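**Q** The listed protein sequences correspond, in order, to chains A and B. The first sequence runs contiguously to residue 116 in the numbering used here. The second sequence runs contiguously to residue 142 in the numbering used here. No residue lacks a Cβ here, since even glycine has one placed at the ideal position from N, Cα and C. All of these numbers come straight from a predicted model, not from anything done at the bench.
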Amino acid sequence: AQTVTQSQPEMSVQEAETVTLSCTYDTSENNYYLFWYKQPPSRQMILVIRQEAYKQQNATENRFSVNFQKAAKSFSLKISDSQLGDTAMYFCAFMKRGRGMRFGAGTRLTVKP
Amino acid sequence: DTEVTQTPKHLVMGMTNKKSLKCEQHMGHRAMYWYKQKAKKPPELMFVYSYEKLSINESVPSRFSPECPNSSLLNLHLHALQPEDSALYLCASSQDWDGNYGYTFGSGTRLTVV
């Protein structure tokens, strides 16, 4: 079974600063997908970024980027120029094709003005 | 339409009631999913509808029963629930059968069992 570990239950960052959220996972698979989702108080899960395991290049989406280290099974999320609207719960997720998405415990991020 | 719509948004039911949660998407997505999320916990996968068949997480009790009338609608029938079943129930869909591009989630149904 695959497990996803987020070791930072809570983090905070000043507006306009950069913050990195960590995620590690355990799998024996070679082909899989990794995701970061945010869940604001409105409770809807929103896809932030996606990484395909067979691609070495780190994914980026505007202010969001990942550091994907396949050998270390690490998948961290960097948020640059943090904004108040980034305040949310962030979940790291692992998915093996067709097996359903599994989430880590989450990191609660607070962006302070 | 780029949404997954869940109804109702809130539901309070007794332990002897029968109710249903509805999830609908009109994006032409091929697969749909039900998740259960307890407070301050991550979503947990309950059911997958993909490749035109339902897959069930074996740990889900039989008092939860999914139904997929068509490719855009996924219901969750509830019967004889327990108070510990109170949670946020999230529905999601994916554009491909395997979900490789990620899921689009609805806003959830907040269920309270009394």
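Can you check which of these residues, B/TRP62, B/LEU39, B/TYR129, is closest to B/CYS51 by C-alpha distance?
**A** For B/CYS51, the nearest C-alpha among the options comes from B/TRP62.
**Q** Spatial neighbours of A/ALA91 within its chain, please: CB distance less than 7 angstroms, with the 5 preceding and 5 following residues excluded, ordered by chain position.
**A** Hits under 7 angstroms: LYS41, GLN42, PRO43, LEU112.
**Q** Check whether chain B comes within 8 angstroms of A/TYR93, counting only Cβ atoms and requiring the distance to be less than that.
**A** So, not an interface residue.
**Q** By DSSP, does B/LEU101 sit in helix, in strand, or in coil?
**A** It is a strand residue.
**Q** Assuming B/SER8 and B/ASN103 form a contact by the criterion Cβ under 8 angstroms, report the distance between their Cβ atoms to the nearest whole angstrom.
**A** Only positions 29 to 142 of chain B appear in the structure, and residue 8 of chain B is not among them; the question remains open.
**Q** With DSSP as the reference, please indicate the residues paired to A/GLU55 in a beta bridge.
**A** According to DSSP, which records beta bridges pairwise, A/GLU55 is partnered with A/TYR36.
**Q** Chain B partners of A/MET48, CB-CB under 8 angstroms?
**A** Per Cβ cutoff of 8 angstroms: PRO71, LEU118, ALA120, TYR131, PHE133.
**Q** Work out the CA separation of A/ASN33 and B/LEU139 for me, nearest whole Å.
**A** Roughly 38 angstroms separates the two Cα atoms.
**Q** Measure the C-alpha to C-alpha separation of A/VAL16 and A/ARG66 and round it to an integer number of angstroms.
**A** Going by the C-alpha atoms only, they are around 15 angstroms apart.
**Q** Identify which residue in B/LEU73, B/VAL142, B/TYR129, B/GLN123 has its Cα closest to the Cα of B/ASP113.
**A** When only C-alpha atoms are compared, the closest one is B/VAL142.
**Q** Just to confirm the assignment, what range does the beta strand (DSSP E) spanning B/HIS38 have?
**A** Taken as a continuous stretch (DSSP letters only), the beta strand (DSSP E) holding B/HIS38 covers 38 to 41.
**Q** Looking only at its chain, what residues have a beta carbon closer than 6 angstroms to the beta carbon of A/PHE38, apart from the 5 residues adjacent to it on each side?
**A** Only ARG53, ALA96 meet the Cβ criterion.
**Q** Between B/THR137 and B/THR35, what straight-line distance do the alpha-carbon atoms span, to the nearest angstrom?
**A** Looking at the two C-alpha atoms, the distance is approximately 7 angstroms.
**Q** Give the interface partners of A/GLY103 over in chain B, defined as CB-CB distance under 7 angstroms, in chain order.
**A** What A/GLY103 touches in chain B: TYR61, LEU73, VAL76.
**Q** Can you name the residues that DSSP bridges to B/ALA59?
**A** Answer is B/SER122, bridged to B/ALA59.
**Q** What residues from the stretch 57 to 71 of chain A come within 9 angstroms of chain B, judged by C-beta to C-beta, listed N to C?
**A** Residues: none.
**Q** Taking DSSP as the reference, what is the three-state secondary structure of B/GLU112?
**A** Of the three classes helix, strand and coil, the one that applies to B/GLU112 here is helix, per DSSP.
**Q** Can you tell which of B/HIS38, B/LEU82, B/SER78 has its C-alpha closest to the C-alpha of B/SER122?
**A** Nearest C-alpha to B/SER122: B/SER78.
**Q** Report yes if the C-beta distance between B/PHE133 and B/ALA120 is below 8 angstroms; otherwise report no.
**A** Closer than 8 angstroms, so yes.
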